[in-house]
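Contents: one structure, followed by commentary.
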Amino acid sequence: MSIFSESAFSASTLTRFAKEVAKYPADQKQSAVMACLAIAQQELGYVSPESEAAIGAYLGMPTIAVHEVTTFYNMYNQAPVGKFKLNVCTNLPCQLGAHGGGQKALDHVCKRLGVEPYGTTADGVFTVQPSECLGACADAPVLLVNDRDMCSLMTNAKLDALLDGLKAEAAK
Ligand code: FES
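Take the sequence shown: its position 158, counted from the start at 1, is 157 in numbering that gives the first Met the number 0, and no numbers get skipped.
The following block contains the structure:
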């Protein structure tokens with residue numbers, strides 16, 4: 000491990016990296032790249048270019064290969080995001096959903112929060128992003144909160160209730 004990679008993360012993060020690497024044969028430690036990126040994001044809130052370089056050094060892979068993984072998956076943030084990241088699916092099947100398209104849901108959320116797609120509210124509470132298929136096409140429009148909580152059949156009324164609830168949670 001290089002001095003750079005050691006200084007880029009906390010000791011507990013490096014311990015978690017080692018645990019992930021230990022799951023694979025010694026000559027295949029690059030297989031831990033997704034887990035390491037997720038752990039780095041938990042520590043910093045996003046995956047910085049420095050984190051990518053450090054993970055590349057740690058796993059013995061080119062930084063560009065790490066970057067390719069970061070940019071392929073929606074769940075990795077390439078810049079700081081708000082407390083709640085909202086991914087609204089705007090893929091074709093969701094555009095055809097019974098409750099109106101995903102784009103309509105995205106437009107509603109953006110209008111309600113006063114942000115453009117990929118924007119973060121001034122108070123740092125929300126980041127809104129269009130997203131590719133979230134695997135719940137039959138429940139369109141769908142939205143994923145912080146890469147974990149799936150919200151289905153999101154009418155404008157349900158979107159408003161969700162935003163109000165998250166705002167109240169952020170204010171606690
Ligand atoms: S297209 Fe939106 S969840 Fe599949």
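Cβ atoms here follow ideal geometry from the backbone N, Cα and C, with glycine treated the same way.
- A residue is called buried once 16 or more other Cβ atoms fall within 10 Å of its Cβ, and Ile63, having fewer, is exposed.
- Of the heavy atoms belonging to the ligand FES, at least one sits nearer than 7 Å to the Cβ of Asn90.
- Around Leu133, the same chain offers Cys88, Val141, Leu143 as residues with beta carbons nearer than 6 Å, after the five sequence neighbours per side are excluded.
- Bridge pairing for Asp163: absent [DSSP].
- For Phe71, the enclosing alpha helix (DSSP H) covers residues 62-71.
- Under the 10 Å beta carbon count, Phe71 is surrounded by fewer than 16 other beta carbons and is classified as exposed.
- Contact annotation, Glu49 with Ala34: C-beta distance approximately 18 Å; criterion of less than 8 Å not satisfied.
- Assigned with DSSP and collapsed to three states, Met149 falls in strand.
- In the DSSP assignment, Lys110 falls within the unbroken alpha helix (DSSP H) covering 101-112.
- Per DSSP, the beta-bridge partners of Lys84 are Thr126.
- Excluding the 5 residues flanking it on each side, Ala169 has same chain C-beta neighbours closer than 6 Å at Lys82, Val124, in chain order.
- Non-local beta-carbon contacts of Ser30 in its own chain, meaning distances under 6 Å to residues more than five positions away in sequence, involve Tyr23 in chain order.
- Taking all protein chains shown into account, Thr69 has 16 or more neighbouring C-beta atoms within 10 Å of its C-beta and is therefore buried.
- Spatial neighbours of Leu161 in its own chain (CB-CB distance under 7 Å, excluding positions within 5 residues in sequence) are listed in chain order as Cys150.
- Between the ligand FES and Val141, a heavy atom-to-CB distance of less than 7 Å is present.
- At the C-beta level, Gln40 and Asn86 stay beyond 8 Å of one another.
- Checking the 7 Å criterion, the Cβ of Ala135 is within range of a heavy atom belonging to the ligand FES.
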